[in-house]
Amino acid sequence: MSAFLKLLFRNRLAAMGAVVLGAILLLVLVTPLLPLPDPNVTDTSQRFLRPFEAAGHLLGTDHLGRDLLARLLYGTRLSLAVGFAAAVIAAFFGSAIGIVAGYFGRRTDNIIMRGVDMLMAFPYILLALAIVAALGPGLLNALIAVAAVNIPFFARNIRGITVGLAAREFVDAAKLSGKGHLRIILTEVLPNVLPVIVIAMSTTVGWMILETAGLSFLGLGSQPPVADLGSMLGEARAALITAPHTSVVPGLMIFLIVMSINLLGDGVRDALDPRLKSGALSRPRSMTRVDRKGPVREAAQKGLLDLQALETQFHVGARVYRAVGGVDLHVKKGECLGIIGESGSGKSVTALSVMGLVASPPGVITAGAVRYDGHDLLSSGYREMRQRRGENVAYIFQDPLATLHPLYKVEDQLAEAIQSHHRVSDGEARERSLELLRAVRIPNPESRLKNYPHEMSGGMRQRVGIAMALANDPDVIIADEPTTALDVTVQAQILALLDDLRRERGLAIVFITHDFGVVAQLCDRVAVMYAGRIVEEGPTKAVLDAPAHPYTKRLIACVPELGGGQRELAAIPGLPPSVDDLPPGCAFAPRCHKARDACAQGEIPLDGTPPRAVRCLYPEEAV
Amino acid sequence: MGSYILKRLVSAIPVLLGITVIVFLIMAMIPGDPATAILGSYATPENVEKINRDLGLDKPLVQRYFIWLGNMLTGDFGRSFSLNRPVLDEVLERFNATLILAGTSFVLCAVLGVLAGVVSAARQYGLADKLITFVVLIGISVPAFFLGMMMILLFAVNLRWLPVSGMYAIYGGGDLADLLRHLVMPALALAAVATGVVARLSRSAMLEVLRQDYIRTARAKGVPERRVIMGHALRVAMVSIIPVLGIQAGFVLSGAVYIEIVFQWPGVGRMLVDAILTRDILLVQGGVVFVAACYVLFNIAVDVAQSLLDPRIKT
Ligand code: SF4
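In the order they appear, the protein sequences are chains D and P. Counting in the numbering used here, the first sequence runs without a single skipped number right up to 608 at its last residue. Counting in the numbering used here, the second sequence runs without a single skipped number right up to 596 at its last residue.
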């Protein structure tokens, strides 16, 4: 609770709302004690006094010479009381209906919810007007109307929660112990829905104050001489032009009340939303933020795509997660490089950093360079990056159902990939899309063009994903676990397809996976990542035959039979370390059976005779 | 698609019937002798006898309901005693004015609200976002009737840019330009709250969508950012925005009652309030049923729009 309040008041606006609302509440509570004139005593000789014009009438007087300040405070009192009463009544009946519907379920539920839906089919004011028309104008009737109109809202919300509760074991247990329905509802269900009822009330009470004020404004609520804020405003309307202050005073008060309730309500909602704390509600920008301290060393070009000492971090609040902690990689034309590691090893972040696709915030590239054909992509801005995305370096992602746009047809998604980089007509783009689908061996490509992603199988979707990556004949394809979401046979087909495409088109492929079997099938070279760094690197066959790092060795031991499909690496005891809290020295030490004191002493270099290298003091094999 | 529309229309029939039942039951709550209650201040002996005959008020409740329903289905909503003309004629005429006002406001709130939300999301935590958030907060907190009055003071009385009230100028008006001049203030005042609500929702819907994987895919293909936002992201965000637009239409329609009073707009809302104050119950009944029915049909249109937008919805 105190954590909640702290969270709430960290939100400055919410705190402001609370203060304003508190002040108003205090004011109306002490109103009867204040030395104010009687709000209903008329004095026509004192009509329409301006604010501060006469002593004793701080805010002036209205069309009957009544003191505006007194009327304002008593009116506010009445408005708040009526709105609050309406909220309580609506919450009581609405919750009762919702609990009954949710608890008994089946027929009862069905009939009640049908009725509720019907009530919700009305624009609220029609219902309120009909009720007032039947009962006659008056504050009490307006209160009843407003409460009645809001009952369905509570009924629906509370029913939803009760349905979930009614299926829980403690309710079953209570039933078995022979308790009556009423007792179960009061002792088991009600305590659990009460917080929700309170929250729902706090979000609607502002509405109800406004609605009752509205009915009074229309002359259907409080009747003279007693006035709430709405009827004050309604009466003042006739003199709007000659004495605007009589309108402004009650109007501003309504505004203040509603705004402070809104602010407070927003604050409560935000404080209850766990996503806000984690910063997960911010949208990623068009390109990962690059914030490198100091210039990047010049380096000789080693491949078509070179990563040089790349560091990518996530900044969440005060915490810094070093997802990629200085990675050097290169891939040549026509070569396939595998990057392997457990989830959380930083392999995907490394891949996404290449084209600035790491979500930012919270991602920041803090050091290093990504060179495409010798040219550092990170020092150019979004414009250039955009032109290279898809055109020079293309991506294939893991789950094609989530990564293909759900509402665009295949042909539109493919054509768009082409037209984002080349000025071609729609017809031409369509032709080319068809060719692409053929190239990835999709049967009936013509009809597939018209499909939406959800109408296709996982394998077909991934073929579309690959076709899209090929759309602009890129030189490098980065495939981020493209087969993980697929079943074994489809996986084999996709791998074969990628291998063929690589040979036909001379593509450089960076293949991210957690499966050594897949690496063995496809990759010329492999880099093993652990806790954001490369721990071993070398030609696939050499690494497979003689793994040098203890981690690699165990990864390979996890694969019973190469190419056998998807497997988790859970067979390695222990968990990878959290990258916001890396131990000094070897990050693998806590899980390593060979670890000695020296392993935790300091930085361990990635060492060996090219093309092999390992980051370990006591490697399994000398490289 | 045609069959989907048909299906939705058929499913609306029980809702429409439900509306008539609810209105009928509310009216049956009126205490005392129904005929005199319904006639209120118009309860002359002839009128009482006529309404007893028309509505079968001496008959049991259920029978009365079906007589009333049958009459309505044949277009007979009864007769307004205060106006001395058929209820349906009056409602249709007034509804036309309301439709112009509420329709304009609805379009305004949809366009401005979504646009503000998109800009706000795309520039999250930027200056534009903060500014929009602030204006939206004011917009959703100021009661429509008060906003309307303040607009009259500023734009009509002080600046003299726009007419104070009414739908057409009394002398020499009547053309479209005249209507538009009269429409500006009430339409804006009415749209304010809904615009704020739509803007807030659009912002959060966009923020949600922009985090999705397919947005990253679009960026990875090199789609220009403007298209990522206005195309890929907005398209999906609309799926959650459209139902809220449907709900907001109800609020716009509700708010129209206040705005029609403030701006003396000759719409159905003002008619209803006048009818309640003169206790012309038949007029209230007919107006409420008619407008509610229109709202139900409008919501079907919203559902259809939704299914056009989202191919995943089974039609
Ligand atoms: S450096 Fe030490 S702890 Fe790390 S893998 Fe090698 S032997 Fe194990």
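Note that the Cβ used here is the ideal one computed from N, Cα and C, for glycine as well. The structure presented is a predicted model; accordingly, all values stated were derived computationally and were not measured.
Cβ separation of residue i and residue j, assumed to be a contact under 8 Å, to the nearest whole Å
i	j	result
P:LYS288	D:GLY375	Going by Cβ atoms, the distance from P:LYS288 to D:GLY375 rounds to 42 Å, so no, they are not a contact pair.
P:VAL599	P:VAL538	With chain P running from 282 to 596 in the structure shown, residue 599 of chain P is simply not present.
D:ASN247	D:GLY191	6 Å
P:THR476	P:LEU389	7 Å
D:GLN286	D:ARG356	7 Å
P:GLY536	P:VAL474	7 Å
Beta bridge counterpart(s) of residue i as assigned by DSSP
i	result
D:ARG274	D:VAL349
D:HIS300	D:VAL305
D:ARG371	Answer is none; D:ARG371 lacks a bridge partner.
D:ILE519	D:MET514
D:HIS42	D:ALA39
D:SER333	Partner(s): none; D:SER333 has no beta bridge.
D:HIS48	DSSP output for D:HIS48 lists no bridge partner at all.
P:SER361	P:ARG366
D:ASP465	D:ILE497
D:ASP592	D:VAL599
D:ILE381	D:ALA464
As assigned by DSSP and simplified to three states, the class of residue i
i	result
D:ASP213	coil
D:SER364	coil
D:GLN208	coil
D:ASP291	strand
D:PRO604	coil
D:CYS321	strand
D:ILE9	helix
D:THR525	helix
D:GLY310	strand
D:TYR357	strand
D:HIS166	helix
Exposed unless 16 or more other CB atoms sit within 10 angstroms - verdict on residue i
i	result
D:LYS609	Nothing can be reported for residue 609 of chain D: it is not among the residues displayed for chain D, which extend from -14 to 608.
P:ILE419	exposed
D:PHE(-11)	exposed
D:TYR109	buried
D:PRO229	buried
P:PHE532	buried
D:VAL334	buried
D:SER(-13)	exposed
D:VAL473	exposed
D:GLN383	buried
Straight-line gap, residue i to residue j (C-alpha atoms, nearest Å)
i	j	result
D:LEU171	D:SER80	12 Å
D:ASN135	D:ARG448	51 Å
D:PRO596	D:ARG368	36 Å
D:SER201	D:PRO176	36 Å
D:PHE69	D:LEU43	28 Å
D:GLY2	P:ALA403	27 Å
D:GLY311	D:VAL520	11 Å
D:LEU540	D:GLY319	27 Å
D:GLY549	D:ALA542	Residue confidence for D:GLY549 is low, a pLDDT of 48 falling below 50, so the modelled location carries little weight; the figure read from the coordinates is stated next. Taking the straight line from one Cα to the other gives about 13 Å.
P:ASP339	P:ASP314	10 Å
P:SER386	P:LEU364	29 Å
P:VAL565	D:PRO36	41 Å
D:VAL409	P:VAL504	15 Å
P:ALA573	D:ARG417	52 Å
D:HIS300	D:ARG307	9 Å
D:LEU10	D:LEU241	12 Å
D:LEU591	D:GLU296	16 Å
D:ASP340	D:MET370	Per the sequence presented here, residue 340 of chain D reads as Met, with Asp not at that position. Taking the straight line from one Cα to the other gives about 7 Å.
D:LEU567	D:ALA352	18 Å
P:ALA530	P:ALA472	10 Å
P:ARG560	D:SER245	37 Å
P:GLY407	P:MET511	18 Å
D:VAL378	P:ARG497	14 Å
P:ARG484	P:LEU412	13 Å
P:LEU578	P:PRO326	39 Å
P:MET353	P:GLN587	31 Å
Heavy atom of ligand 3 within 7 Å of residue i beta-carbon
i	result
D:PRO535	By its list of ligands, the structure shown excludes ligand 3, since it contains just ligand 1.
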